[in-house]
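Numbering (my numbering), first residue to last: 725 to 974. Even glycine gets a Cβ: it sits at the ideal position worked out from N, Cα and C. Data block below; observations after.
Have a look at this one:
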């Protein structure tokens, strides 16, 4: 076995381990998104918030299987399995390109969906379910209203006042002593839409950086898989020629 083949096998094994690590990380991230943003998802009428988490979970499971297949293919130097491994890496790579493109194209739709969902929640705050959801959102994100706290004055909750979930507990000991009037220093004034957009942008930066790094590894993996597929064929051919030179019947 040549040095090139050995190096290629080692690199593909490393890629298989990377796939396993990425699979575990993706499953963890999707579980975290479900836990953290489940209540936020109820504020919108579409599934644009939690649908990506479901896709990420599916990709994580798929990548674990791909990593396992790649590890077996490399250890056995099985040409068919290596070819399947190559095709699966290519599919994942193309899927990442498509997902990134769709995310960029529909980014405004997500923003509008969240904005409409928050506005609807404020309008229907007298509904117990809507009230619980918007209260949870404002407490967790330390925000108030859609764009700012004054949004509450446009809806039939209480003129010039906001819910106690807008109270800044770093300024007051508890909600009973909180001044919920618009303009009070006891409440959050930043709108929830701006906070959510900031969180999404920060998360997108991390996701984009990770995806680009992973794409580079995938491209190297595709090249390595091609080399090993070709070398596997060459090794068998060399063995055949050696047998003929030694006078053996084949």
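With 16 or more other CB atoms across the displayed protein chains lying within 10 angstroms of its CB, residue 750 is buried. Of the other Cβ atoms in all chains shown, 16 or more fall within 10 Å of the Cβ of residue 732; this residue is therefore buried.
Closest in alpha carbon position to residue 790, among 890, 814, 907, is 814. Contact between residue 746 and residue 787 is confirmed by a C-beta separation of about 6 Å, below the 8 Å threshold.
Only residues of its own chain outside the window of five on either side were considered, and among them 793, 797 have a CB closer than 8 Å to the CB of residue 808, listed in chain order. In the displayed model, residue 905 falls within a strand according to three-state DSSP. Under DSSP, the beta-bridge partners assigned to residue 872 are 914.
Going by beta carbons, residue 806 and residue 952 fall inside the 7 Å limit. Burial state of residue 735 is buried, judged by a 10 Å Cβ sphere holding 16 or more other Cβ atoms. In the DSSP assignment, the residues bridged to residue 891 are 911. Excluding its 5 nearest sequence neighbours in each direction, residue 906 has C-beta neighbours in its own chain below 8 Å: 873, 874, 876, 877, 884, 885, 886, listed in chain order. Here residue 868 is not near residue 936, since their CB atoms are 7 Å or more apart. When the beta-carbon positions are compared, residue 916 and residue 812 stay at least 7 Å from each other. Spanning the alpha carbons of residue 829 and residue 800 requires a straight line of approximately 43 Å. Residues of the same chain with their beta carbon placed closer than 7 Å to that of residue 932 are lacking, with the five preceding and five following residues left out of the count. According to DSSP, residue 885 shares a beta bridge with 905.
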